[in-house]
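Chains A and B supply the protein sequences, listed in that same order. In this text, residue positions in the first sequence follow the working numbering: the first is 678, and each later residue adds one. In this text, residue positions in the second sequence follow the working numbering: the first is 678, and each later residue adds one. Beta carbons are placed, not taken as given, at the ideal position from N, Cα and C, and that holds for glycine. Taking it in order: structure first as structure tokens, then the write-up.
Number of protein chains: 2
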Amino acid sequence: MMRIEVLKRLQEQSEAEADEVRQVLAQNRVTLINVMGSPGSGKTTLLEATLKRLTTDLKCAVLEGDLATLQDAERIADLGVPVAQLLTEGGCHLKPNLVHSALLRLDLSAIDCVFVENVGNLVCPANFDLGEHTRVVVLSVAEGDDKTSKYPYMFKQADAVVVSKLDLLPLCRFDPARTRREMHALNPKAAVFEISAVQETGLEAWVRWVHHAVEQCSTGLR
Amino acid sequence: MMRIEVLKRLQEQSEAEADEVRQVLAQNRVTLINVMGSPGSGKTTLLEATLKRLTTDLKCAVLEGDLATLQDAERIADLGVPVAQLLTEGGCHLKPNLVHSALLRLDLSAIDCVFVENVGNLVCPANFDLGEHTRVVVLSVAEGDDKTSKYPYMFKQADAVVVSKLDLLPLCRFDPARTRREMHALNPKAAVFEISAVQETGLEAWVRWVHHAVEQCSTGLR
């Protein structure tokens with residue numbers, strides 16, 4: 678009973694912190710996109726490819742969530758994109774208070790869209806509202822096509838799924854049709870993209886979707 | 678303060694449950710190997726390849742941890758190996774009480790070694806003692822060679838790391854030497870294996886290590 682009360686209080690606190698994030702975003706007309714997926718699914722590589730294509734029209738920034746090291750933030754900084762590394766020091770997901778304080782350190786008046794790369798984890802981040810407008814899950818073909826059914830909580834809440842590393846497809850047990858079919862059954866509203874950042878294929882449709890998401894969001898925020 | 682007390686109580690409870698697992702294992706002279714790794718790192722495929730090679734000399738069983746579906750347990754059952762599917766229904770790691778009750782449903786007098794395949798997650802399972810004798814982490818080359826440094830908590834506690842899907846190496850940004858170097862710095866006692874279950878390479882050394890682990894453990898249990 679005591680445990681339930683404490684968890685409820687923590688959940689309420691987390692929701693209030695997500696509301697604070699939403700307030701900051703609305704005040705500054707900034708779209709927040711929460712990018713999730715397993716370790717090594719290709720989240721940072723997707724962001725690198727996306728930022729190269731987006732930054733001509735949209736001003737972007739990135740918050741990099743990790744347990745340890747600055748490696749991902751350094752990769753983004755190399756593109757000249759504003760970035761902050763959020764270290765959880767062992768924590769399995771980002772929390773809205775960490776996102777909130779990182780947002781306040783950015784010059785939000787000069788930014789249209791912030792990507793948050795969550796901790797590599799196909800389970801826990803699904804349960805935490807960061808105040809984001811959009812949730813994207815990256816799934817590499819090397820992970821296998823059973824993942825949508827085995828990790829339904831993450832995929833149920835996605836606005837888009839990016840199937841990544843399509844260049845590995847000939848060597849992997851992965852049927853893209855199965856993923857589309859299972860995603861449609863689980864969450865028919867989610868967009869599904871198939872990309873290879875290495876071969877630079879499939880990125881146009883995904884980048885158009887991001888553009889559209891930012892436009893929709895800034896219309897709503899006006 | 679209240680939160681800290683509750684967490685402490687939960688931790689004590691979890692440790693007591695892990696002790697109960699240890700007791701059951703000792704009474705029945707059974708070795709427990711906790712296999713962890715990201716979703717799609719190749720844990721089930723490694724177990725399939727391992728069981729095919731082990732079951733001539735050792736009697737094995739498997740406990741399959743997943744959020745949802747029976748897919749992994751069905752794969753193991755196809756080999757004629759006793760298996761139980763442990764469903765966490767969204768939970769990000771296995772708990773010792775679940776392992777304990779699953780062990781009691783097996784005929785342990787006829788088993789030498791139980792593999793627990795934990796939930797696909799490179800973060801949370803590291804924090805939970807299941808009462809196991811040995812911890813193995815599976816890392817696919819498709820995940821990238823930055824994972825040992827980015828997820829140090831998992832790798833610090835491993836007795837062995839199995840670098841998997843070596844058949845994908847020519848197409849991936851993965852330097853096996855970097856992983857060996859970083860593992861040596863982080864955790865010099867851990868054994869590192871490089872395998873391809875598809876090409877059936879590297880499995881002999883790994884299977885010998887499992888044999889040795891079971892022998893050591895049953896000597897200790899005598």
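Whole-angstrom distance between residue j and residue i, CA atom to CA atom
i: S691 of chain A; j: A882 of chain B; result: 48 Å
i: E736 of chain B; j: Q700 of chain A; result: Sequence inspection shows Lys at residue 736 of chain B; the Glu mentioned does not correspond to that position. Approximately 59 Å, taken between the alpha carbons.
i: L799 of chain A; j: S715 of chain A; result: 5 Å
i: N705 of chain B; j: E694 of chain B; result: 17 Å
i: T896 of chain B; j: A874 of chain B; result: 30 Å
i: L709 of chain B; j: T722 of chain A; result: 37 Å
i: T744 of chain A; j: K824 of chain B; result: A small correction: the amino acid at residue 744 of chain A is Leu; Thr does not occupy that position in the sequence shown. If you take the alpha carbons of L744 of chain A and K824 of chain B, they lie about 10 Å apart.
i: A754 of chain B; j: H888 of chain B; result: 22 Å
i: G742 of chain A; j: V791 of chain B; result: 35 Å
i: L764 of chain A; j: C801 of chain A; result: 16 Å
i: L619 of chain A; j: S817 of chain B; result: Not covered by the structure: residue 619 of chain A. The range shown for chain A is 678 to 899.
i: L845 of chain A; j: L845 of chain B; result: 8 Å
i: Q689 of chain B; j: V796 of chain A; result: It is worth fixing the name first, because residue 689 of chain B is Glu in this sequence and not Gln. Each residue's Cα considered, the two are about 28 Å apart.
i: V819 of chain A; j: P829 of chain A; result: According to the sequence shown, residue 819 of chain A is Ala rather than Val. So the alpha carbons of these two residues sit roughly 18 Å apart.
i: A761 of chain A; j: G767 of chain A; result: 18 Å
i: A726 of chain A; j: F832 of chain B; result: 29 Å
i: A803 of chain A; j: L747 of chain B; result: 22 Å
i: A787 of chain B; j: V707 of chain B; result: 9 Å
i: F805 of chain A; j: K685 of chain A; result: 14 Å
i: E682 of chain A; j: L807 of chain A; result: 22 Å
i: L848 of chain A; j: G879 of chain A; result: 19 Å
i: V698 of chain B; j: V891 of chain B; result: 17 Å
i: A868 of chain B; j: A867 of chain A; result: 42 Å
i: G901 of chain B; j: D734 of chain B; result: Residue 901 of chain B lies beyond the stretch modelled for chain B, which goes from 678 to 899, so this question has no answer here.
i: T856 of chain B; j: D822 of chain B; result: 6 Å
i: E751 of chain A; j: N711 of chain A; result: 19 Å
i: T811 of chain B; j: S718 of chain A; result: 27 Å
i: L740 of chain A; j: F870 of chain A; result: 23 Å
i: L781 of chain B; j: I872 of chain A; result: 46 Å
i: H770 of chain B; j: L687 of chain A; result: 20 Å
i: E877 of chain B; j: V813 of chain A; result: 35 Å
i: A738 of chain B; j: A703 of chain B; result: 16 Å
i: D852 of chain A; j: D784 of chain A; result: 43 Å
i: K827 of chain B; j: D749 of chain A; result: 9 Å
i: E912 of chain B; j: L843 of chain B; result: In the structure as shown, chain B begins at 678 and stops at 899. Residue 912 of chain B is therefore absent and cannot be evaluated.
i: V884 of chain B; j: C894 of chain A; result: 54 Å
Collapsed DSSP secondary structure at residue i in the structure displayed
i: F870 of chain A; result: strand
i: T765 of chain B; result: coil
i: L785 of chain B; result: helix
i: K772 of chain B; result: coil
Handout entry: Stretch-stretch touch, CB-based, cutoff 8 Å, three pairs: the region 856 to 863 of chain A with the region 774 to 785 of chain A
Key = no
Exercise for the section: Write down every uninterrupted run of the alpha helix (DSSP H) in the region 687 to 759 of chain B whose length is 4 residues or greater and which is fully enclosed by it, in chain order. Expected result: 720 to 731, 748 to 754
Problem - Three or more C-beta pairs below 8 Å linking the region 726 to 733 of chain A and the region 831 to 844 of chain B - result: No, the region 726 to 733 of chain A is not in contact with the region 831 to 844 of chain B.
Exercise for the section: Please list the residues of the region 744 to 756 of chain A that have a C-beta atom closer than 7 Å to any C-beta atom in chain B, keeping them in chain order. Expected result: L744, A745, T746, Q748
Handout entry: Near-chain B residues of the region 800 to 827 of chain A - C-beta to any C-beta below 7 Å
Key = For the region 800 to 827 of chain A, which is checked against every Cβ of chain B, the residues closer than 7 Å are V800, C801, S817, A819, E820, G821, D823, K824, S826, K827.
Practice task
Could you please tell me which residues of the region 836 to 864 of chain A, in chain order, have their CB closer than 7 Å to any CB of chain B?
Solution key: K842, D844, L845, L848
Exercise for the section: Using a Cβ-Cβ cut-off of less than 7 Å, give me the residues of the region 755 to 789 of chain A that come near chain B, in sequence order. Expected result: G767, C769
Practice task
Taking only runs that begin and end inside the region 791 to 827 of chain B, name each unbroken beta strand (DSSP E) of 3 or more residues, in chain order.
Solution key: 811 to 817
Exercise for the section: Could you tell me which uninterrupted alpha helix (DSSP H) segments, each at least 4 residues in length, are contained entirely in the region 828 to 899 of chain A, listed from first to last along the chain? Expected result: Qualifying alpha helix (DSSP H) stretches, in chain order: 829 to 833, 853 to 863, 880 to 898.
Handout entry: Members of the region 710 to 727 of chain B that neighbour chain A once the beta carbon cut-off is set at 7 Å
Key = S715, P716, G717
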